[in-house]
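2 protein chains.
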Amino acid sequence: MSDPAPRLDPVQLGAYFALIEVAGLLRHAVEQQLREAGNLSYVQFQLLARLGLDAPDGSARMTDLADGVVYSRSGLTYQAGLLEEAGLVVRAPAADDERGVTVTITDAGRALLEQVLPGHIEVVNSLLLQPLSPNDVETLARLLTPVRDHMRSAPPRSAAPRRRRGRS
Amino acid sequence: MSDPAPRLDPVQLGAYFALIEVAGLLRHAVEQQLREAGNLSYVQFQLLARLGLDAPDGSARMTDLADGVVYSRSGLTYQAGLLEEAGLVVRAPAADDERGVTVTITDAGRALLEQVLPGHIEVVNSLLLQPLSPNDVETLARLLTPVRDHMRSAPPRSAAPRRRRGRS
DNA sequence: TAGCAGTGCTTCAAATCCGAAGCAAGTAGA
DNA sequence: TCTACTTGCTTCGGATTTGAAGCACTGCTA
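Chains A and B are the protein sequences, given in the same order.
Mapping of the first sequence onto UniProt numbering: residues 1 to 168, in sequence order.
Mapping of the second sequence onto UniProt numbering: residues 1 to 168, in sequence order.
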């Protein structure tokens, strides 16, 4: 009974809702562009981008990929399967750990990534960046980066070992 | 076109990726809380919130809801069906337009919304707002709001209204 | 070495999601 | 009024997503 008034300022609410909606709309638009340009889903693009742009040798373990992209393990397996079927990546058992799987981008994967990237960037530019000044963009990055780090470190699951719910 | 090499600054990329990841993680966390607190999906919660908090008389047309929430029409039909089945909303033909459908939140829906809201706000607070100063939050809202408006007004996805019959 | 818990990924069944097609009601132009 | 087009929503089929359960390999401990 002593719950402090769980309220949010209009400003806080505005930031929260705007964030969710902007991300949703942006993701939607990008997803459509990717579908048309290279028949890729957003997740597939993220995986290719992570392998082709971030990873130095073009490969990474499944778990690292799943952590980078906000995604379930089983979903990652599914998408990696699709990508492999399309010849864009290759899966092989990890060298040092036999139960791990290393995903590696192929030349075809890199080619598709290059093919899709310009349109992708254009969408991001025209939708997200255009109404912002360069200074605004920098501010946005400076504000969101610590939030991301905070979220990454926050335990999403075992955060509430407080009450028990009898329903399942 | 005249875009030579559409590249993005590291800063721009950082803002873009941080935005997507923050929204994804936040949505994930919120979704989990809502599922536990009231067995609601995020979309269902958004619909209830829009009806119970924003709408003056607790009702809205399907299309307005779909526009507010970033969602497909058919998905909205599905979710509205689930909500109606659970007794949280009621659907009825619109008064002025016979083909429209008006969705109205029920008392049970309002009750569930109240029940779920505190935890929801707590999650948003602890994940999104905590690492930001009040001033930061205000800045964030000020930056994102025009972006949202810009995206709403220029969606290329609905640029092609509907295909003619017999043409392909 | 055996036993056992932990980790990494996949499989499985079920839920959810979307686009296209379809249906019904409104609207404009003859 | 009639006809064609538009709009609002639902239905349908198929693709995607998820948590739980399962399988295989590691690492720890005795």
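In this text, a Cβ means the ideal position worked out from N, Cα and C, and glycines have one as well.
Being a predicted model, the structure only gives us computed values, none of them experimental.
Beta-carbon proximity list for L129/A, same chain, < 8 Å, skipping 5 on both sides:
Cβ neighbours of L129/A beyond the five flanking positions: V137.
Please confirm whether Q79/B and Q44/B have their CB atoms less than 7 Å apart.
Yes.
Take the Cβ of E21/B as the centre, count every other Cβ of all protein chains shown within 10 Å, and call the residue buried at 16 or more, exposed below.
Sixteen is the threshold: when 16 or more other Cβ atoms of the shown chains lie within 10 Å of the Cβ of E21/B, as they do, the residue is buried.
Is it buried or exposed for Q33/A, if we count other Cβ within 10 angstroms and need 16 for buried?
The residue in question, Q33/A, is buried, as its Cβ has 16 or more Cβ neighbours within 10 Å.
Is the shortest distance between the beta-carbon of P93/A and the beta-carbons of chain B less than 7 Å?
P93/A has a beta carbon lying at 7 Å or more from every beta carbon in chain B.
In this structure, how does DSSP classify R50/B when only helix, strand and coil are distinguished?
Per DSSP, reduced to three states, the secondary structure at R50/B is helical.
Counting C-beta neighbours from all protein chains within 10 Å, is the total for Q12/B 16 or more, i.e. buried, or is it exposed?
Buried: at least 16 other Cβ atoms inside 10 Å.
Identify whether S74/B lies in helix, strand or coil by the three-state DSSP scheme.
Residue state for S74/B is assigned as helix, using DSSP reduced to three classes.
Using the rule of at least 16 other Cβ atoms within 10 Å of the residue's Cβ for burial, across every protein chain shown, is T63/B buried or exposed?
Exposed.
Span separating the alpha-carbon of residue 170/A from that of G24/A:
What is shown of chain A runs 1 to 168, which leaves residue 170/A out entirely.
Chain B contact for P146/A (CB, 7 Å cutoff):
Yes, because at least one Cβ of chain B sits closer than 7 Å to the Cβ of P146/A.
Residues of its chain near V116/A, where Cβ-Cβ distance is below 7 Å and the 5 sequence neighbours each way are ignored:
Close CB contacts of V116/A within its chain, under the 7 Å cut and outside five residues either way in sequence, are with L34, A37, G38, L40, F45 (chain order).
How many Å lie between E122/B and D54/A at the Cα?
Here the alpha carbons of D54/A and E122/B stand approximately 34 Å from one another.
Consult DSSP for P134/A and reduce its assignment to one of helix, strand or coil.
It is helical.
Name the chain A residues that come within less than 7 Å of P131/B, Cβ to Cβ?
The CB of P131/B comes closer than 7 Å to the CB of P146, V147, H150 in chain A, given here in chain order.
Secondary structure of A60/A, DSSP reduced to three states
Of the three classes helix, strand and coil, the one that applies to A60/A here is strand, per DSSP.
For A94/A, three-class secondary structure by DSSP:
Here A94/A sits in coil by DSSP.
Start and end residues, beta strand (DSSP E) containing V101/A:
Looking at the DSSP string, the run of the beta strand (DSSP E) that includes V101/A is 101 to 105.
Can you give me the C-alpha to C-alpha distance between L88/B and R61/A, rounded to a whole angstrom?
One Cα belongs to L88/B, the other to R61/A, and the distance between them is close to 44 Å.
Could you compute how far the alpha carbon of T106/A sits from the alpha carbon of V90/A?
Straight-line Cα distance between these residues: approximately 7 Å.
May I ask which residues mark the beginning and end of the alpha helix (DSSP H) holding L8/A?
First-last for L8/A: undefined, no H or E at that position.
List the residues that DSSP assigns as beta-bridge partners of V30/A.
Among the bridge pairs identified by DSSP, V30/A is matched with none.
What residue from G81/B, T102/B, E98/B, S72/B has the CA that sits closest to G58/B's CA?
Between G58/B and the set G81/B, T102/B, E98/B, S72/B, the nearest pair of CA atoms involves T102/B.
Residues of chain A with CB closer than 7 Å to the CB of residue 172/B, please, in chain order.
This structure does not reach residue 172/B, given that chain B is present from 1 up to 168, and the question cannot be answered.
What separation, rounded to the nearest whole angstrom, lies between the Cα atoms of A141/A and G68/A?
Between the alpha carbons of A141/A and G68/A lies a gap of roughly 18 Å.
What is the DSSP secondary structure of V89/B, counted as helix, strand or coil?
V89/B falls in the strand class under three-state DSSP.
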